[in-house]
Structures are given as C-alpha cells and as structure tokens.
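Just so you know, we're using my numbering here: the sequence shown kicks off at 7 and counts up by one. Even for Gly, the Cβ is constructed at its ideal location relative to N, Cα and C.
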Amino acid sequence: MTPSADRFAPAQPDSFPRPAAAPPPWLERFMAEAPRLKVPPFLRPPAGARAAAVLVLFGEGPHGPDVLLTQRAATLSKHAGQPAFPGGRIDPDDDGPVAAALREAHEEAGVRPSGCQVLATLPELYLSRSNYRVTPVAAWWREPSDISPGHPGEVAAVARVPLAELTDPGNRLNVRHPSGFAGPAFRVSGMLVWGFTAMLLTEILKLGGWDRPWDTSRIEDLPPEVIALAARG
Numbered sequence: 007m008t009p010s011a012d013r014f015a016p017a018q019p020d021s022f023p024r025p026a027a028a029p030p031p032w033l034e035r036f037m038a039e040a041p042r043l044k045v046p047p048f049l050r051p052p053a054g055a056r057a058a059a060v061l062v063l064f065g066e067g068p069h070g071p072d073v074l075l076t077q078r079a080a081t082l083s084k085h086a087g088q089p090a091f092p093g094g095r096i097d098p099d100d101d102g103p104v105a106a107a108l109r110e111a112h113e114e115a116g117v118r119p120s121g122c123q124v125l126a127t128l129p130e131l132y133l134s135r136s137n138y139r140v141t142p143v144a145a146w147w148r149e150p151s152d153i154s155p156g157h158p159g160e161v162a163a164v165a166r167v168p169l170a171e172l173t174d175p176g177n178r179l180n181v182r183h184p185s186g187f188a189g190p191a192f193r194v195s196g197m198l199v200w201g202f203t204a205m206l207l208t209e210i211l212k213l214g215g216w217d218r219p220w221d222t223s224r225i226e227d228l229p230p231e232v233i234a235l236a237a238r239g
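Here it is in structure tokens:
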C-alpha cells in the first residue's frame, strides 16, 4: 500500500485506533516477539523516573516497509538535533502510553491516530539523560496521512525511513561518545541516528527478524557538531 492523499485532520478522542484488517505478514514475527523484549540492566528504569511514550509506526511507502522518524530542532535545550521516534511525556489527560504516543505523533508529525492500528506495547526503557521511563508503542499505519513537522520549534524534519535502509550493512556503524561509550548508529535518510533511538531500532530489527549481518567493528567518533548539541542536555 502506498501513502494515501488523505488530508490532515485534527484528532478526536473517538478517532483513536479502530478495528481493521490484519497487518501485513511481514509484521507477524515482530508482533509475537515485541512484548518479550529483554531489557538489559542499564536500560531498566529506576523508581521515580517520569513516564513517557514513543510511537514506533510501521507503514508501507513507495520504497517498501518503513518506520517513521523525526529530527528534533537544533534549538532545543535537550536532545537537540537528534533523530527520534515521535513521542514525549505522558500527560495527566492521556489515557496511558498508547494515547500519549498517538497524541505526540499527531502533534509532532501530523499522523492521524484514526489511521493507526496499535500492535503491541514493549517493556519500559530508561532514558537516563532526561530521567524518563519510556514505553515504546508499536503500530501499523494502515491509513497513512500526510506528514510534516508539527512544531517548527521542536521538530525540524520528519521522514519515513525504509527498513531496507536500516538493515543495509553499509548504513550501520557504532559511534563513540567522548565519554568512551560506544553504541549502535545508522546513517539513513540524511540523518545520523544514534543514542537511545538507535538502540531501540537495533532491537526492533532483531525482534522482527529483519536484522542482517554487518561490520560491528566499525566505530567512528561522534561528529563535533553532534557532540555540541548533545552537551546541552
């Protein structure tokens, strides 16, 4: 299915996911394995961490299966310039992580919640720099809507990144922070995806059975401009 020309429409409470036809077969393994994601000790949230949620939105675009990513504005005080899944804190008015993830995707990228079919919620993960316990919410984009940055001061760009790009061994590497920590990264759609988002993407590819062998010995230092933005918080 290719993206539709549906126009952006404001979300209403009753427009949250409705029953629909089954997601495509390529998502079956992910749906079965996602709730059983094993969380390593350093990603287990401590007591007192604030609740947040992100939307892992799978679709089928012009270049095949894809996932939606945003790039945060360079002017932000935290996580400036970093690629990320749409998401944010769970507000008191949200009915849990699913509602929060869909709301944030609507606000940040123009995703209509009524076009999304929730597949699974993954175990909470700890985002230490902002002290959030993050629930990833996976969904199938059965009725794609037009997307664009919803908050220019918060979101610089949005992109549907093909899974084929993410799994291409030539687009994968490890990046090293000045602290000495090295973690997975992707060079896709003009973005360097690293940190929490890259770690989650790495696990998502494994859960779905899409992972391909790549040169895990490839390590590069984070670019100076990325380090400068990350140093803000």
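Just the Cα atoms here: how many angstroms apart are TRP147 and GLU114?
Indexing the sequence shown from 1 puts residue 147 at position 141. Indexing the sequence shown from 1 puts residue 114 at position 108. Their Cα atoms are separated by approximately 16 Å.
Look up THR141 in the DSSP assignment and say whether it is helix, strand or coil.
Indexing the sequence shown from 1 puts residue 141 at position 135. Three-state result, THR141: strand.
I think PRO94 touches ALA58, with their Cβ atoms under 8 Å apart; what is that distance to the nearest whole Å?
Numbered from its first residue, the sequence shown carries residue 94 at position 88. Numbered from its first residue, the sequence shown carries residue 58 at position 52. Sequence inspection shows Gly at residue 94; the Pro mentioned does not correspond to that position. Beta-carbon to beta-carbon, GLY94 and ALA58 are separated by about 6 Å, close enough to satisfy the 8 Å threshold.
Identify, in the order they occur along the chain, each residue of the same chain with its Cβ nearer than 7 Å to the Cβ of SER10, setting aside the five sequence neighbours on each side.
Numbered from its first residue, the sequence shown carries residue 10 at position 4. With a pLDDT of 34 at SER10, under the threshold of 50, the predicted position of this residue should be treated as unreliable, though the coordinate-derived value follows. For SER10, where only same-chain residues beyond five positions count, the Cβ hits under 7 Å are GLU149 and PRO150.
Could you spell out where the alpha helix (DSSP H) holding VAL161 opens and where it closes?
For the purposes of this step, residue 161 is taken as the residue at position 155 of the sequence shown. Per DSSP, VAL161 belongs to no alpha helix (DSSP H); it is in the beta strand (DSSP E), 161-168.
Assuming PHE91 and THR203 make a contact with CB atoms under 8 Å, what is their CB distance in whole Å?
Within the sequence shown, numbered from 1, the residue matching residue 91 stands at position 85. Within the sequence shown, numbered from 1, the residue matching residue 203 stands at position 197. PHE91 to THR203, Cβ: 6 Å. Contact.
Using 10 angstroms around the beta-carbon of ALA111, count the other beta-carbons present and answer buried if the total reaches 16, otherwise exposed.
Numbered from its first residue, the sequence shown carries residue 111 at position 105. When all chains shown are included, ALA111 counts as buried.
Smallest Cα separation from GLN123: which of PRO219, PRO29, PRO229 and ALA237?
Walking along the sequence shown from the start, residue 123 turns up at place 117. Its Cα nearest to that of GLN123, the residue PRO29 stands out among PRO219, PRO29, PRO229 and ALA237.
Taking the alpha-carbon positions, what's the VAL194 to ALA170 distance?
Locating residue 194 in the sequence shown gives position 188, counting from the first residue. Locating residue 170 in the sequence shown gives position 164, counting from the first residue. If I take the Cα positions, the gap works out to 10 Å.
Using a 10 Å radius around the Cβ and a threshold of 16 neighbouring Cβ atoms, would you call ILE210 buried or exposed?
Counting from 1 along the sequence shown, the entry for residue 210 is found at position 204. Buried, by the Cβ-count rule.
Inter-stretch contact (C-beta, 8 Å, three-pair minimum) for the region 39-57 and the region 132-144
Output reads yes: the region 132-144 touches the region 39-57.
Chain-order list of residues whose beta-carbon lies under 6 Å from that of TRP220 (same chain, five-residue window excluded)
Counting from one through the sequence shown, the residue named residue 220 turns up at place 214. Apart from sequence neighbours up to five positions away, the residues of its chain that approach TRP220 with a beta-carbon distance below 6 Å are PRO175 and ARG178, ordered along the chain.
Nonlocal neighbours in the same chain, by C-beta distance under 7 Å from GLN18, ignoring five residues either side
By one-based count along the sequence shown, residue 18 stands at place 12. Below a pLDDT of 50, predicted positions are generally treated as unreliable, and GLN18, at 40, falls in that range; the measurement from the model is reported next regardless. Excluding positions up to five away in sequence, the list is empty.
Reducing DSSP to helix, strand and coil, say where ILE233 ends up.
Reading the sequence shown from its first residue, position 227 is the one you call residue 233. The answer is helix: DSSP assigns ILE233 an H, G or I state.
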